[in-house]
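Residue numbers (the numbering used here): 118 to 181.
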């Protein structure tokens with residue numbers, strides 16, 4: 118199960134979802150953009166926006 122799908126069990130319409138990923142080796146954050154299937158479910162849940170980490174560990178925001 119992807120983390121996004123797990124957290125949607127507790128999310129409410131209008132919430133902001135934050136997703137970050139750490140590689141198994143290393144301590145810096147890396148790409149955590151939701152896959153297209155997770156993004157579709159996030160939209161169905163009426164989440165306001167998603168913040169995820171890019172390859173450089175910086176946050177990117179998608180407004181839905």
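Where a beta carbon is used, it is the ideal one built from N, C-alpha and C, also for glycine.
(Q) What would DSSP say about residue 126, mapped onto helix, strand or coil? (A) coil
Q: Check the DSSP bridge columns for residue 135 and list the partner residues they point to.
A: 168
Q: If I'm right that residue 125 touches residue 162 with Cβ under 8 Å, what's the distance once you round it to whole angstroms?
A: 5 Å
Q: Could you check what DSSP says for residue 141 in three-state terms: helix, strand or coil?
A: coil
Q.
If you reduce the DSSP assignment to three classes, tell me which class residue 150 lands in.
A. coil
(Q) By the DSSP assignment, the beta strand (DSSP E) with residue 163 in it spans what residues? (A) Here residue 163 belongs to no beta strand (DSSP E), and DSSP marks it neither H nor E.
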